[in-house]
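As numbered in my numbering, residues 455 to 571 make up the sequence shown, in order. Glycine included, C-beta positions come from ideal geometry on N, C-alpha and C. Here the structure comes first, spelled out in structure tokens, and everything after it is commentary.
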Amino acid sequence: MNTMNIIEILIEGGIEFMGSLTVLFIGVIITSILALKNKSERWLKINQELALFAFVFGIFGQVIGLFEAFKGIEMMGEVSQAILAGGLKVSSYVTIYGFIIFLLAKAVKIAFNFIKK
Numbered sequence: 455m456n457t458m459n460i461i462e463i464l465i466e467g468g469i470e471f472m473g474s475l476t477v478l479f480i481g482v483i484i485t486s487i488l489a490l491k492n493k494s495e496r497w498l499k500i501n502q503e504l505a506l507f508a509f510v511f512g513i514f515g516q517v518i519g520l521f522e523a524f525k526g527i528e529m530m531g532e533v534s535q536a537i538l539a540g541g542l543k544v545s546s547y548v549t550i551y552g553f554i555i556f557l558l559a560k561a562v563k564i565a566f567n568f569i570k571k
């Protein structure tokens, strides 16, 4: 089994989208800390908006990646199932990363609501 480290996944997933999502991830972490520390609805709202943007941006990144892959397949005419499956796997990295960021922010919202009560 071929294991990859986080850096390899970030690069293979496309540095433009994965890098942007990493910046959003840092923003979600910072706003999570500020929301929980200060019990601030304002920071929680920003946190949730960043998380939703990360999720949608991840899906957008996958759509762009698939579009480019399909364009390449169209030019080649034919492609093996293994190459197609590999391309689908790689295009999923950005969506999964955006989804993880989204889930983290939702967990923060649950914690915020629990602490606030």
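The region 549 to 568 and the region 505 to 514 touch, with no fewer than 3 CB-CB distances between them shorter than 8 Å. In summary, V548 is buried, with 16 or more beta-carbon neighbours lying within 10 Å of its beta-carbon over all protein chains present. By the C-beta density criterion, F524 is exposed, having fewer than 16 other C-beta atoms within 10 angstroms.
In the structure shown, the three-state DSSP call for K491 is helix.
Residue range Q535 to K570 is occupied by the alpha helix (DSSP H) that includes S546. Boundaries of the alpha helix (DSSP H) around E466: I460 to E466.
Only buried fits Q502, as 16 or more other CB atoms lie within 10 angstroms of its CB. The Cβ neighbour count for F521, taken over all protein chains shown within 10 Å, is under 16; the residue is labelled exposed. Spanning the alpha carbons of E495 and G526 requires a straight line of approximately 46 Å. Burial of S486 is indicated by the presence of at least 16 other C-beta atoms within 10 angstroms of its C-beta. Collapsing the DSSP output to three states places E528 in a helix.
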